[in-house]
Amino acid sequence: MKNTLSCSVTIDLDGGDGEIIVSDRKQTLIISFGLSAITLRNFFSDLSALYTYKKTKFKLEHYGSADYYLFVRDSNIIRIEEVRKPGGRNIYKFNLMDFLLILEKEFQRFFAKLRKDGVLPLNQDQDDFMYPVNKDVTNSFDSFSKNLKH
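Residue 151, in the numbering used here, is where the sequence shown stops; the numbers in between run on with no holes.
Structure, rendered in structure tokens:
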């Protein structure tokens, strides 16, 4: 029987820090990150590369902290190592497709809410380079989402 994953996404649109929580019946992974404008763009790009076997692992850094997450693809399993400095390591394992699909679904919901609330699309005169959900982030997500559907 498959584990049923749940996911939530929170991003502080003023400060740029964010959190992704993915859980099943046995484990809860909390991915905390800063500088969403950079982190999320790279995260979606790296997830796409992992999905298409262009990469077998990548590191997601938590800007402002020495902590990081190491994502490793092992066939149809994704292993995520949460590495805390100066010491400590937690390891999480999920079915790769279940993990990617729940992330895609929750980020679709998150971006839809921003569109409904009038946050997206960004105004032309808005400086969006460091805005947490700028065009680079949404374009990277769209590319990730399209990759999953092919």
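No residue lacks a Cβ here, since even glycine has one placed at the ideal position from N, Cα and C.
In whole angstroms, what separates the C-alpha of residue i from that of residue j?
| i | j | result |
| --- | --- | --- |
| Y69 | D118 | 32 Å |
| S141 | A67 | 25 Å |
| D129 | G19 | 17 Å |
| I153 | M131 | With the chain running from 2 to 151 in the structure shown, residue 153 is simply not present. |
| R42 | R90 | 25 Å |
| T29 | L123 | 33 Å |
| R85 | F34 | 13 Å |
| L71 | K114 | 29 Å |
| K27 | S9 | 17 Å |
| V120 | T5 | 31 Å |
| L61 | F44 | 7 Å |
Taking 8 Å as the cut-off, does the CB of residue i come closer than this to any heavy atom belonging to the ligand HEM?
| i | result |
| --- | --- |
| L61 | Absent from the structure shown: the ligand HEM. Ligands present: none. |
Go through its chain and collect everything with a Cβ distance to residue i's Cβ below 6 Å, but skip five positions before and after it.
| i | result |
| --- | --- |
| K94 | I78 and R80 |
| S7 | S24 |
| P133 | I12, L14, G17, S37 and A38 |
Assign residue i to one of two classes, buried (16 or more other C-beta atoms within 10 Å of its C-beta) or exposed (fewer than that).
| i | result |
| --- | --- |
| I21 | buried |
| N135 | buried |
| T57 | exposed |
| R110 | exposed |
| H151 | exposed |
Enumerate in chain order the residues of its own chain whose CB-to-CB distance from residue i is below 8 Å, with the five nearest sequence positions on each side excluded.
| i | result |
| --- | --- |
| Y54 | R74 |
| N148 | S49, Y52 and T53 |
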